[in-house]
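Numbering-wise, the sequence shown is residues 3 to 275 according to this note's numbering. Notes for the one structure printed next.
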Amino acid sequence: MAAVFFHQIQEKPGPYTVSLKEFRETLDSLQRAGYVFIALDQFLAFVEGRGDVPPGAVLLAADDGYEGIYSLAFPALKARRIPLVVFPITKWLAPVRREELHLPKVSPEQLRLMAASGLVAVGSHTHEGHSTVGGQPYYQARLHSPWTGRPETGDERRARIWNDLVVSRAVLEEIVGRPPSALSLPFGCTGREVREAARRAGFRCIFAGREGLVDRKTDLMDLPRVRWERGPLLKQLKNLGHQPGLPRYKKEKRQKQAEGYFPQSSFASFIHG
3 MAAVFFHQIQ EKPGPYTVSL KEFRETLDSL QRAGYVFIAL DQFLAFVEGR
53 GDVPPGAVLL AADDGYEGIY SLAFPALKAR RIPLVVFPIT KWLAPVRREE
103 LHLPKVSPEQ LRLMAASGLV AVGSHTHEGH STVGGQPYYQ ARLHSPWTGR
153 PETGDERRAR IWNDLVVSRA VLEEIVGRPP SALSLPFGCT GREVREAARR
203 AGFRCIFAGR EGLVDRKTDL MDLPRVRWER GPLLKQLKNL GHQPGLPRYK
253 KEKRQKQAEG YFPQSSFASF IHG
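Written out as C-alpha cells, the structure is:
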C-alpha cells in the first residue's frame, strides 16, 4: 500500500502545493490506471492483520490542515467518493493572531463537516510539535525552565511530549466527537521516546517522515509515506514498485462478459463459430 501525503491545494501550484487542476486530473488518472483509494480504518485493519486491501491500494492524507483542503480538495473528493485523512495542527484550530498564519487554515466547523461526511477521518499533526526551538524541532529540543534557567531533564521532556499529544487528541475529540487514532509527526521526529509517548497517549499508528510503501510487516508506529508535492504521482508510485490492480476499463469489460454481454462481432463468432 501507499500512504500518499500532500499539504496544500490551491488554484495555482507553488512550493508544497498541488494545483486544483493537477489534483483532479491525478485522482482520475490513478483510478483509471487501477489504483484504489481506501479509508484509514481499512488501512489499519490490513496492517494489523485483520483485513485485506485490493491491489494498488492508496491511502490519501493531508498534513497541516490548510483551508484549501476543505474549499478545494474536499469537493473534488466527494464527487469521486474518495476517502481522506486530514492531520491538522491543533494549535492552529484555536483563535490566533492573523499574522501568525501565512495561509488560511481549516476551521473547527469545516473539520466537523468533513468528518460528518463519512469520507474524512481526522488524525493529529500534534499541538505544538510543528514549531521549532532554537532551530530544533519542538519534540527534539531541550527546553530551559523560565524560572530556574536550567535545561529540562529527560523525564521532563518525555512528559512535555506526552502532554502535547494528549492535548492534541482532546482538542480533536471535542471538535469531531472521537479521538484520533493516527498521528503524523512533523519533521519526522520518530524517536523511541516519541513513539512511546504516542502509545501512552492512545494513538494506534504513527506516520513517519521516511519514504516508502506499507505492508503487513510494517511497524504501525513507524509507517512510511509517499510525498505528493508537485509532479506526476503516478510515476512516483510506479518507481516505488507500487503497481495498480486491473485498470477500470478492463474491470468493466470483464464484468460485462461475466454478465453475458458480448460485442456484436464476438456474438456472431460465438453463434456461427
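In this text, a Cβ means the ideal position worked out from N, Cα and C, and glycines have one as well. As the structure is a prediction and not an experimental result, all values here were calculated from the model.
Measuring straight from C-alpha to C-alpha, what distance separates residue i and residue j?
| i | j | result |
| --- | --- | --- |
| F209 | L29 | 22 angstroms |
| K253 | V60 | The predicted position of K253 is uncertain, since its pLDDT is 48 and thus under 50; no value can be drawn from it. |
| H129 | K240 | 34 angstroms |
| P17 | W230 | 11 angstroms |
| A5 | G151 | 42 angstroms |
| S186 | D65 | 8 angstroms |
| A203 | L113 | 22 angstroms |
| L42 | A123 | 7 angstroms |
| L74 | A81 | 12 angstroms |
Whole-angstrom Cβ separation of residue i and residue j, contact assumed at under 8 angstroms?
| i | j | result |
| --- | --- | --- |
| L174 | A199 | With 8 angstroms as the limit, L174 and A199 do not qualify as a contact, their Cβ atoms being about 17 angstroms apart. |
| F89 | A63 | 6 angstroms |
| L242 | L215 | 6 angstroms |
| L121 | P85 | 5 angstroms |
| R160 | F7 | R160 to F7, Cβ: 27 angstroms. No contact. |
| G36 | P246 | 3 angstroms |
| V108 | Y68 | 7 angstroms |
Given that a residue counts as buried once 16 or more other Cβ atoms are within 10 Å of its Cβ, and exposed if not, what is residue i?
| i | result |
| --- | --- |
| S170 | buried |
| S119 | exposed |
| H146 | exposed |
| R100 | Since pLDDT at R100 reaches only 45, below the 50 mark, its modelled position is unreliable, and no value is offered. |
| R197 | buried |
| K14 | exposed |
| S31 | exposed |
| L105 | exposed |
| T321 | Residue 321 is absent from the structure shown; the chain starts at 3 and stops at 275. |
| Q10 | buried |
| K23 | exposed |
Check for me: the beta strand (DSSP E) holding residue i runs from which residue to which?
| i | result |
| --- | --- |
| L186 | Position check: residue 186 holds Ser in this sequence, whereas Leu was assumed. Here the beta strand (DSSP E) through S186 covers A184 to S186. |
| Q12 | Q10 to Q12 |
| S343 | Because residue 343 is not part of the residues shown, which for the chain are 3 to 275, the question remains open. |
| L86 | L86 to P90 |
Starting from residue i and walking both ways along the alpha helix (DSSP H), at which residues does that stretch end?
| i | result |
| --- | --- |
| D43 | L42 to V49 |
| T28 | L22 to A35 |
| L113 | P110 to A118 |
Extract the residue ranges of the alpha helix (DSSP H) inside the region 155-240, only unbroken runs of 4 or more that lie entirely within it. Within the region 155-240, the complete alpha helix (DSSP H) runs of at least 4 residues are 156-178 and 194-203.
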